[in-house]
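Student: Below is a structure I'd like to ask you about.
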Amino acid sequence: MQISERRKKILDTFLERDLLSYKEILDETSWLGDPIDILSDLDTLVFFAFLQHVRYKKPEPEITTQLELRQRTKTQMKDNPQRILSRLRELEREFPPWYRKLAILKILNNQRLNCEEIEKRVNDQCPHEGWSSPLIQASLRALEKARYVFTTIDYKRCTLTSEGKELLEKFPFLQFVCLKHLKNEFTIEFRTYVILELVRDRHESGITSGSITQQLQEKYGIRGNRRNAVKNTLENMVIAGMLRVSGGTSKRRGHVYFLSKTAESLFLPSNDL
C-alpha cells in the first residue's frame, strides 16, 4: 500500500467518524500498518492542514487528544476527491523529523556504528524516504544533543545512551511525544549551508530562487523549506555578503543568485576563480 493511499484511508476514517482521539484512530487503523507509521501519517496530515487538533492548547498531544478534519479537507473530500489524492501524492515522501530520529535510534539498538554505517543502514531499511547524508548527520547531532545517542571519542562510533534505550522500550505514542518536541534539524544554518552548495554547483550561470526552493523541497522535504523560509534565508545571505543577486528570469522563477567574491574564495578551487 502506498503511503498516500494509507493517508487517504485515515482521512476516510475521520470523514466517517468525525472526532477521534489518537488512541481511537490508532485502534481504528491498526490494520493499515505499524502504529509509528500511523503516527507519522497523523503528524504529517496535521502539519499540512488536512487535520487539526480539537480545542488543543497543551505543548504536546496526549493519547486522549482529539483530532478532526479541517473544513477545507472535508469539503474537498466530498466535492473534489481527486484534488485530495493529488495533494496527498505530493506529500508521498514527507515525513516528520521525529520519525527519522526514531529510525536512527532503532538502527543503533545494541549496535556501535559510525556515520557511514548508519547512513547505509537507514537508507537500506527506509529506501522510500530518501534521506540525504547531511540530513541523517544533522539528526544524529540532534539526538546526541538530547542525550539519546553517545559518540565515542576513540572510534567515532555512535551508540545509544541509557535514555535512548529507555525510549525504545516505551509505547509508540510516548516515543512520538518524546521525539516530537526536539528541534527540527533543518535549521537556518543547515539551510544556508545547503544553499551555498547549490549556488556553488551553478556558480557560472547562477541559480534562481525558484530552482533553489524546488531542489530543497525535493531533496529535503517541504517541511522546513517553505517558499517564504527559503526566501528569507536567501535575503539574509545577501545581506551577510555570502551571495550576490541579479534580476530574475521570470516572476515565477525569481531572482538569480551567485556566490559573492568572498564566498567564491572559500568554496571554489583556485582554477575556477
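Count along the sequence shown from 1, add 399, and you get the number used in our numbering.
We put the CB at the ideal spot given by N, CA and C, even for glycine.
(1) To the nearest whole angstrom, what separates the beta carbons of L466 and S403, a pair I think is in contact under 8 Å?
(2) Would you kindly check if the distance between the Cβ of F413 and the Cβ of L450 is under 8 Å?
(3) Go to T558, then tell me how far its beta strand (DSSP E) extends in each direction, as first and last residue.
(4) Should Q616 be labelled buried (16 or more other beta-carbon atoms within 10 Å of its own) or exposed?
(5) Please give the ranges of any alpha helix (DSSP H) in the region 449-503, keeping only runs that are unbroken, at least 4 residues long and fully inside the region.
(6) When you compare the CB positions of N513 and R546, do they come within less than 8 Å of one another, or not?
(7) Does the contact criterion of 3 or more C-beta pairs under 8 Å hold for the region 504-521 versus the region 563-578?
(8) Which partner residues of R643 appear in the DSSP bridge assignment?
(9) Which value, in whole angstroms, describes the spacing of the CA atoms of T612 and Y656?
(10) Which class does T591 belong to by DSSP, given the choice of helix, strand or coil?
(11) Any idea if H527 is buried or exposed, counting beta-carbon neighbours within 10 angstroms, 16 or more meaning buried?
(12) Per DSSP, which one or two residues make a beta bridge with I606?
(13) For the beta strand (DSSP E) containing T550, list its first residue and its last residue.
(14) Distance check for D426 and R652, CA to CA, integer angstroms please.
(15) Return the CA-CA distance between Q470 and D411, expressed in angstroms with no decimal places.
(16) Tell me which same chain residues have a C-beta within less than 6 Å of the C-beta of K579, skipping the five on either side of it?
(17) For E491 and Q574, what's the separation of their Cα atoms in angstroms?
(18) By alpha-carbon positions, which one of V637, T607, R416 and K569 ends up nearest to H654?
(19) Check whether the Cβ atoms of T464 and S532 sit closer than 8 Å, and answer yes or no.
(20) Thinking C-alpha only, which one of A502, L658, Y619 and R622 is nearest I638?
(21) Consult DSSP for S531 and reduce its assignment to one of helix, strand or coil.
(22) What residue from Q481, S485, E459 and K569 has the CA that sits closest to L504's CA?
Tutor: According to the data block:
(1) Position 67 of the sequence shown, counting from 1, holds the residue named residue 466. Position 4 of the sequence shown, counting from 1, holds the residue named residue 403. About 19 Å separates the two Cβ atoms, so there is no contact after all.
(2) Walking along the sequence shown from the start, residue 450 turns up at place 51. Walking along the sequence shown from the start, residue 413 turns up at place 14. Yes, they are a contact pair.
(3) Stepping through the sequence shown from its first residue, residue 558 is reached at position 159. C557 to L559 is the extent of the beta strand (DSSP E) around T558.
(4) The count along the sequence shown starts at 1 and reaches residue 616 at position 217. Label assigned to Q616: buried.
(5) 470-478 and 480-489
(6) By 1-based counting over the sequence shown, the position of residue 513 is 114. By 1-based counting over the sequence shown, the position of residue 546 is 147. The answer is no: Cβ separation not under 8 Å.
(7) yes
(8) For this step, residue 643 is matched to residue 244 along the sequence shown. Looking at the DSSP assignment, R643 forms a beta bridge with F657.
(9) In the sequence shown, counting from the first residue as 1, residue 612 sits at position 213. In the sequence shown, counting from the first residue as 1, residue 656 sits at position 257. One C-alpha to the other measures close to 12 Å.
(10) Residue mapping note: residue 591 aligns to position 192 of the sequence shown, counting from 1. Looking at T591 - three-state DSSP - the assignment turns out to be helix.
(11) Start at 1 with the first residue of the sequence shown, and residue 527 comes out as number 128. Classification of H527: exposed, given that the 10 Å Cβ count is below 16.
(12) Locating residue 606 in the sequence shown gives position 207, where the first residue counts as 1. For I606, which the question treats as bridged, DSSP gives the partners Y656.
(13) Stepping through the sequence shown from its first residue, residue 550 is reached at position 151. That run of the beta strand (DSSP E) goes V548 to T550.
(14) As a position in the sequence shown, residue 652 is number 253, starting the count at 1. As a position in the sequence shown, residue 426 is number 27, starting the count at 1. Their backbone Cα atoms lie some 45 Å apart in a straight line.
(15) Working through the sequence shown from its first residue, we reach residue 470 at position 71. Working through the sequence shown from its first residue, we reach residue 411 at position 12. Looking at the two C-alpha atoms, the distance is approximately 14 Å.
(16) To locate residue 579, count along the sequence shown from 1; it is residue 180. Contacts found: W497.
(17) As a first step, residue 491 is located in the sequence shown; it is residue number 92 there, counting from the start. As a first step, residue 574 is located in the sequence shown; it is residue number 175 there, counting from the start. If you take the alpha carbons of E491 and Q574, they lie about 23 Å apart.
(18) Within the sequence shown, residue 654 is the residue found at index 255, counting from 1. The candidate whose alpha carbon is nearest that of H654 is T607.
(19) For the purposes of this step, residue 464 is taken as the residue at position 65 of the sequence shown. For the purposes of this step, residue 532 is taken as the residue at position 133 of the sequence shown. It is not a contact, given that the beta carbons lie outside the stated cut-off.
(20) As a first step, residue 638 is located in the sequence shown; it is residue number 239 there, counting from the start. With distances taken between Cα atoms, I638 lies closest to L658.
(21) As a working note, residue 531 is residue 132 in the sequence shown. Of the three classes helix, strand and coil, the one that applies to S531 here is coil, per DSSP.
(22) Within the sequence shown, numbered from 1, the residue matching residue 504 stands at position 105. Of the candidates Q481, S485, E459 and K569, the one whose C-alpha sits nearest the C-alpha of L504 is K569.
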